[in-house]
Structure formats: structure tokens, C-alpha cells
Amino acid sequence: MSNSSSTADTNSFPNGLYGYAVTDAGGNEIGQKGTISHSVNEFAPYFNQLAALVGDSLGFGETEEIVLFGKKQNALCIEIDGLHYGAIFKPKASYRDISEFLKLEGEENDVLA
Amino acid sequence: MSLRKYFQTCLDLPNIEGAFCLSKEGELVESFMPPPYTDDIFQELGTRVVTLTEAVDMSYAQTQEILLHFESHSLYLRKSEFCIIGIFVRGNPLLSGLKITVNLLLKQAQAEILQASKNAAPRPSQPAAAPPAPVEEDDIIIEPNLPQKETTTDHEKRGLFGRKKEKKQTSNDIWG
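See the structure below:
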């Protein structure tokens, strides 16, 4: 995955997705596609960790994803195979579509790796 | 007064298994969580929910709604000026319906939630200190070696900049 975002990259995006970034558990950015704002790439691992703690209090072993609903844009943080994906999308976009897309991207990246 | 009548509309929605209301500080105001969840979980859960919402507000953007997906359930968190509402859902929630219902709940029950938040017992930040053990005659009491406090007279002697104020000895006898 490259850091530069091209039209070819974003053509495959589901409706409403601005972009997403992938970071490792230490917060180091591994790649980025499209446009990322609010530094969600930096905070995605931390949000995933905090969400996991909330899940732990309720007796759940794993947190699948965390969706942040903002006024102007939404964010989705998801952990796939130890990598943290942080995506920014329009409020009207379906977070389920974005989640499915990221999971597919995660599988592809895993195969490429 | 129970908040159940306000929460009942939420609890009646399909796949909703439970709900809770926390104060802004994360103290439990009221819980309608199903068994085996007891109120005891909120000592930990309340703190973690507040940490999550504040971390998102501080590092990302002001966010009123957060949805957490776990293995089989979801937790929808709705933050308002005076409380945090949590809705515990089996599977994926019908988000649009849930948002409207919780907004209505916050509008209708604002005064009651505020009152209940005031009545909620504040969580002790530290365990209460044990009372001092009675001193027996044989006990050797070692006084801590604390620095001696300055007396007011010493301070006055030192002057404003910590130096001893020495009055210039000037002779009035200018004519020798």
C-alpha cells in the first residue's frame, strides 16, 4: 500500500468514504488511501484499545469495530490481524459498507504481505 | 423515582437487551441491564466509558454518539450535556430508530436524569484510611525528621529576598 492517494485508489471506495489509514499497534502509519483528516490514523489504535476495555467490562473478549458519529463526518476504527484501520466517511454513508470494505482490504493486504 | 418509564420505549425496541444511564462523571444513575450484569460492573465500566468519550472528544472531534461492536452484541453510547446513555443491543442495531428514541428520551427525561444524577452516590476515589492504631506504652514512637519550620521572626529577619536584612549603619553625624 502506498502513501499517495490516486484516483485509481479511490475509485474502488464505497460511497461516502473519504479515505482510510493503516497503522500498527505502536501508532506508526503503514499506509494510507484517499484523504484522512482529524489524525484518526494516529488515534485508531488507542480508540480500539479503549473500546476493548469497555467490551472487557461487559464480558466480551474482542471488539470488532468502533464507529464515531460526528456532525460533519464519521469515523470507523477497526482492528484486522493486528493492524488498526481508521477510516473517515460522510455521515450519510453506511458504516456497514465501509466496515465490509475495510475487512476486504485487510484480507487483501494480509495476502499481499 | 425510577427512570424506567422513560427508558421503556428504548427497551421495547427489537433486539434491545438493556440500557443504562451514567452521570457525566461515569457514576451509575440507573441500570436496566439484563442478568448476569449487576450494578457492580459500573464501577469499572463507568470509568472506561467516560475515558473513551473524553479521549474521542479531546483527540478526534466532539462526538455525541459512539457505537461499539463486539462479537455478538453492540453498545450504543449517546453523550449529552448532563449524562451518558448506553443501549445494549443484540446484533446490529437499527441505528436511525435508536437515535430518535434516545433523543426523545433525553428530551423527556432531562429533569429527572439531572435529579437522579445528583442523588447518585459519588464513587470514592481512594479507599478510606484505616483509623490509627492505639499507642501502647511500650511502643517506640519515631518522629519523622521534618525540616524545621521558620518562625515569623526568622522570616522577618531574612527580608524580602531571603537575605538577612541588615540595616545600614549610617551615622547621622554627617558633620563628623
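Protein chains in written order, with our numbering: chain A, 1 to 113; chain B, 114 to 289. Cβ atoms here follow ideal geometry from the backbone N, Cα and C, with glycine treated the same way. Bear in mind the structure is a predicted one, so any value in this text is a computation, not a measurement.
- Secondary structure remark: continuous alpha helix (DSSP H) runs of at least 4 residues inside the region 178 to 241 of chain B, in chain order: 208 to 221 and 223 to 232.
- Residue 221(B) has its alpha-carbon roughly 41 Å from the corresponding atom of residue 80(A).
- The region 23 to 35 of chain A makes no contact with the region 128 to 147 of chain B: fewer than 3 CB pairs, one atom from each, lie closer than 8 Å.
- Between residue 54(A) and residue 65(A), the alpha-carbon positions lie close to 12 Å from each other.
- C-alpha of residue 172(B) to C-alpha of residue 147(B): approximately 33 Å in a straight line.
- Distance from the Cα of residue 25(A) is smallest, within the candidate group 48(A), 73(A), 71(A) and 67(A), for 48(A).
- With 16 or more other Cβ atoms inside 10 Å of its own Cβ, residue 226(B) counts as buried.
- Residue environment: residue 86(A) is assigned as buried (16 or more neighbouring CB atoms within 10 Å of its CB, all protein chains considered).
- Going by DSSP, residue 75(A) is part of the beta strand (DSSP E) stretching over 74 to 80.
- Nearest in C-alpha terms to residue 82(A), of all of 74(A), 40(A), 107(A) and 11(A), is 107(A).
- Cα atoms of residue 155(B) and residue 89(A): separation of roughly 32 Å, rounded to the nearest angstrom.
- Nearest CB-CB separation between residue 16(A) and chain B: not below the 9 Å threshold.
- Considering only beta carbons, the part of the region 145 to 177 of chain B lying closer than 8 Å to chain A consists of 150, 154, 157, 158, 161, 162, 164, 165, 168, 169, 172, 173, 174, 175, 176 and 177, in chain order.
- A Cβ-Cβ distance of about 6 Å is found for the pair residue 162(B) and residue 135(B), placing them in contact under the 8 Å criterion.
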